[in-house]
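S.K.:
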Amino acid sequence: MTARPIDPDRLHRDDRPFRGSRLFAFLAAVSALLVVLALGEMTLRVQSMDRDSERRMDTVSRAAVLRAKVERELNSLLYLSSGLGSYLMVRSDSIRSKEINDILAMLHRSSRHIRNFGVAIGYRLSYIYPLKGNERAIGLHYPDQPAQWPVISRIIGSGKPALAGPVDLVQGGRGVIYRVPLFIEGKYWGLLSTVIDADTFFQAIADELHDAHYQFALRGKDGGGLHGDPVWGDLALFDQANAVVQEIDVPGGRWAIAVTARLDDYPQNTDFIVRLLSGILGGLIAWMLYALIRSRTELAHRAMYDDLTGLPNRILLEDRAEMAFARQQRSPEQLSALLFIDLDGFKDINDEHGHKAGDAVLVATAARAKAAVRVNDTIARWGGDEFIVLLEDVTQEMLEALMARLRASLEAPVEFEGRRLQIGISMGMAVHPDTGGDLDETLRIADQRMYEDKLARRRRAV
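Heads up, the sequence shown is in our numbering, so the first residue is 92 and it goes up one at a time.
(1) For Lys251, count the other beta carbons within 10 Å of its own beta carbon; 16 or more makes it buried, fewer makes it exposed. Which is it?
(2) Cβ of Val127 within 8 angstroms of Cβ of Val335?
(3) Taking only three categories from DSSP, how would you classify Pro272?
(4) Apart from the five residues just before and just after Ser144, which ones in its own chain have a Cβ nearer than 8 angstroms to its Cβ?
(5) Measure the beta-carbon distance from Glu477 to Ile432 and round it to whole angstroms, keeping in mind my assumption that it falls under 8 angstroms.
(6) Over what stretch of residues does the beta strand (DSSP E) that includes Pro60 continue unbroken?
(7) Can you tell me which residues form a DSSP beta bridge with Met520?
(8) Beta-carbon within less than 7 angstroms of Arg535's beta-carbon, same chain only, minus the 5 sequence neighbours each way: which residues are those?
(9) Is it buried or exposed for Met541, if we count other Cβ within 10 angstroms and need 16 for buried?
(10) Between the alpha carbons of Ile371 and Pro403, how many angstroms are there, rounded?
(11) So who's on the other strand from Phe507, going by DSSP bridges?
(12) What is the DSSP secondary structure of Ile186, reduced to helix, strand or coil?
(13) Return the CA-CA distance between His304 and Gly256, expressed in angstroms with no decimal places.
(14) Taking just the CA atoms, how far does Leu367 sit from Ala455?
(15) Leaving out five residues on either side along the sequence, give the residues of the same chain with a beta carbon under 8 angstroms from the beta carbon of Leu157.
(16) With distances taken from CA atoms, which of Leu124, Leu118, Leu114, Ser139 is nearest Thr361?
(17) For Tyr214, which option in Leu282, Gly311, Lys461, Val322 has the closest C-alpha, if you only look at C-alpha atoms?
(18) Counting C-beta neighbours from all protein chains within 10 Å, is the total for Glu483 16 or more, i.e. buried, or is it exposed?
(19) Is it buried or exposed, Ile287, if we count other Cβ atoms within 10 angstroms and call 16 or more buried?
(20) Give me the Cβ distance between Leu380 and Ala119, rounded to the nearest whole Å; I'm assuming they're in contact under 8 angstroms.
(21) Output yes or no for whether 8 angstroms exceeds the beta carbon distance between Ala412 and Leu497.
(22) Please classify Lys591 as buried or exposed, where buried requires at least 16 other C-beta atoms within 10 Å of its C-beta.
(23) For Ser202, decide whether its Cβ has a neighbour in chain C, counting only Cβ atoms nearer than 8 angstroms.
(24) What are the start and end residues of the alpha helix (DSSP H) that includes Lys438?
(25) Only counting the same chain, and skipping five residues up and downstream in sequence, which positions put a Cβ closer than 7 angstroms to that of Asp100?
(26) List the endpoints of the continuous beta strand (DSSP E) containing Tyr220.
(27) Count the other CB atoms, across all protein chains shown, that sit within 10 Å of the CB of Asp98; report buried if there are 16 or more and exposed otherwise.
(28) Applying the criterion that 16 or more other CB atoms from any shown protein chain within 10 Å of the CB defines a buried residue, is Ser386 buried or exposed?
(29) For Ala238, does the three-state DSSP call read helix, strand or coil?
(30) How is the alpha helix (DSSP H) around Glu413 delimited, first residue to last?
(31) Closer than 6 angstroms by C-beta to Ala123: which residues in its own chain qualify, once you throw out the five before and the five after it? Chain order, please.
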């Protein structure tokens, strides 16, 4: 029969109890921290999605309001110009300069944002109101204006009114020009130009926002729509992911309006505060969980191990012995044994040198016993000055050698505060299944043989 050899150089298993529980406590604490941090991030994400959704709905609403404002302001001006154009065509044969100027003056006073009216007969600007500040425009020949003529030519060719610009005006400033080609009996007669002050017109649109949290831009110069040049504001707004873009029908084409909410309105420190609180809460929960698991581990350790020597106590010994005997029944060729050890003279050391000296002897005995057996054997403190060694898969020869080694090691003097404390050892061995009984019977036999050894040693000492 082959048995496992004794390797006293290896660390005994009871010198490293519950190592896995420390790792479990650490992993549980880290997991709790990560879960809380993840919940914090999820909260931020949900808040961000809700905030973006609410902002998007508000932006769509703002865009609709602005679009309606643009259409309303434009229509009021364009209807007035269209009516004026119709009047000029009806009166073209008999109209006089004073009549034209009086009509233009009256319409100018009753309208907003109109910088001036201009009437061209043929292709030359013949009438303009107000004249003051616009003197340089009188007599302007449109074909000589490379910046305006392509658009004017297209409008005349189509025969339909169109909104042009914004353009830099000859008389200074910028304007959006509503041009109405005038035809009499299918023949081109002239051109009515209504110059809308771009700055005041678009500022009135911007004032409709009543909120600095939003901004807008228009594009579609000369009716170019989404791909046109800028009309008002920063074209970069059209490229923003949160921009709401809508198109506006204007004479001769379309404008496009982009409305965005300013992203910097959301307090930037809010995310930091949420993450900080998540970290603090997660750290607190992780620390409490780690402390709880470690506390329960320590309680479990103290329930199964002796506080003084660190050896297994009765509960753990009985559990291991029951499992060892069960394994032995499955493999009858493997012997198990219980070695009962009692310290002789221990009471005298306690009485003479004090309990500290007695504790030092117990600790030294535990350390020497662990060093003398295999790493998987169990040395337990049974109570007081009694110890039990549980051995598995052993031979009779190994048991005899072990008893001799234990006696020699344990009976060596113990150094304590400069004194040499001497004790004796009484031992009793019971081999399972030779005892033929259960754990209690095996313990009883080992205890009986230990007392027999103690009596024999006393007789030899007399």
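In this text, a Cβ means the ideal position worked out from N, Cα and C, and glycines have one as well.
M.R.: Working from what's here:
(1) In the sequence shown, residue 251 corresponds to position 160, counting from 1. Lys251 should be labelled exposed.
(2) Numbered from its first residue, the sequence shown carries residue 127 at position 36. Numbered from its first residue, the sequence shown carries residue 335 at position 244. No, Cβ-Cβ distance for Val127 and Val335 is not below 8 angstroms.
(3) Within the sequence shown, residue 272 is the residue found at index 181, counting from 1. In this structure, Pro272 counts as strand in the three-state DSSP scheme.
(4) One-based indexing of the sequence shown puts residue 144 at position 53. Excluding sequence positions up to five before and after Ser144, its CB lies less than 8 angstroms from no other CB in the same chain.
(5) As a first step, residue 477 is located in the sequence shown; it is residue number 386 there, counting from the start. As a first step, residue 432 is located in the sequence shown; it is residue number 341 there, counting from the start. In this structure, Glu477 and Ile432 form a Cβ contact; the two beta carbons are roughly 7 angstroms apart against a cut-off of 8 angstroms.
(6) The structure shown has nothing for residue 60, since the chain only spans 92 to 553.
(7) Your numbering for residue 520 matches position 429 in the sequence shown. The partner list for Met520 (beta bridge, DSSP) reads Leu430.
(8) In the sequence shown, counting from the first residue as 1, residue 535 sits at position 444. No residues qualify anywhere along the chain.
(9) Here residue 541 corresponds to residue number 450 of the sequence shown, with the count starting at 1. Residue burial annotation: Met541 is buried, with at least 16 other C-beta atoms found within 10 angstroms of its C-beta.
(10) Looking up residue 371 in the sequence shown gives position 280. Looking up residue 403 in the sequence shown gives position 312. Approximately 40 angstroms between the Cα atoms of the pair.
(11) For the purposes of this step, residue 507 is taken as the residue at position 416 of the sequence shown. Answer by DSSP bridge pairing, in chain order: Arg510.
(12) Walking along the sequence shown from the start, residue 186 turns up at place 95. DSSP places Ile186 outside both helix and strand once states are collapsed to three, so it counts as coil.
(13) As a position in the sequence shown, residue 304 is number 213, starting the count at 1. As a position in the sequence shown, residue 256 is number 165, starting the count at 1. Answer to the nearest angstrom: the Cα atoms are 28 angstroms apart.
(14) Numbered from its first residue, the sequence shown carries residue 455 at position 364. Numbered from its first residue, the sequence shown carries residue 367 at position 276. Distance between the alpha carbons of Ala455 and Leu367: 51 angstroms.
(15) Position 66 of the sequence shown holds residue 157. The answer, listed in chain order, is Ile296, Glu299, Leu300, Phe307, Ile348, Val350.
(16) The residue given as residue 361 occupies position 270 in the sequence shown. Distances from the CA of Thr361 to each of Leu124, Leu118, Leu114, Ser139 were compared; the closest alpha carbon is that of Ser139.
(17) Along the sequence shown, read from residue 1 onward, the residue named residue 214 stands at position 123. Comparing Cα positions, the closest option is Leu282.
(18) Counted from its first residue, the sequence shown places residue 483 at position 392. It counts as buried.
(19) Start at 1 with the first residue of the sequence shown, and residue 287 comes out as number 196. By the beta-carbon neighbour count (other beta carbons within 10 angstroms, threshold 16), Ile287 is buried.
(20) Here residue 380 is taken as the residue at index 289 of the sequence shown, counted from 1. Here residue 119 is taken as the residue at index 28 of the sequence shown, counted from 1. Confirmed, about 6 angstroms.
(21) For the purposes of this step, residue 412 is taken as the residue at position 321 of the sequence shown. For the purposes of this step, residue 497 is taken as the residue at position 406 of the sequence shown. Contact flag unset, no.
(22) What the structure shows of the chain is the stretch from 92 to 553, and residue 591 is not part of that stretch, so it cannot be assessed.
(23) As a matter of chain content, chain C is missing from the structure shown, which is built from one protein chain.
(24) As a working note, residue 438 is residue 347 in the sequence shown. Following the DSSP letters along the chain, one finds Lys438 inside the alpha helix (DSSP H) bounded by residues 437 to 444.
(25) Position 9 of the sequence shown, counted from the first residue, corresponds to residue 100. Low confidence applies here, because Asp100 scores a pLDDT of 47, under 50, leaving its location unreliable; read the following figure in that light. The beta carbon of Asp100 sits closer than 7 angstroms to no other beta carbon from its chain once the five residues preceding and following it are set aside.
(26) Here residue 220 refers to the residue found at position 129 when the sequence shown is read from its first residue. Segment 215 to 220, the beta strand (DSSP E) holding Tyr220.
(27) Translated into the one-based positions of the sequence shown, residue 98 becomes position 7. The predicted model places Asp98 with a pLDDT of 47, which falls under 50 and marks its position as unreliable, so this point remains unresolved.
(28) Taking the sequence shown and counting its residues from 1, one reaches residue 386 at position 295. So Ser386 counts as exposed.
(29) The count along the sequence shown starts at 1 and reaches residue 238 at position 147. DSSP places Ala238 in coil when its eight states are reduced to three.
(30) Position 322 of the sequence shown, counted from the first residue, corresponds to residue 413. It spans 405 to 421 - the alpha helix (DSSP H) in which Glu413 sits, taken as one unbroken run.
(31) To locate residue 123, count along the sequence shown from 1; it is residue 32. Beyond the five residues adjoining it in sequence on each side, Ala123 comes within less than 6 angstroms, by CB distance, of Ile376, Ala377, Leu380 in the same chain, given in chain order.
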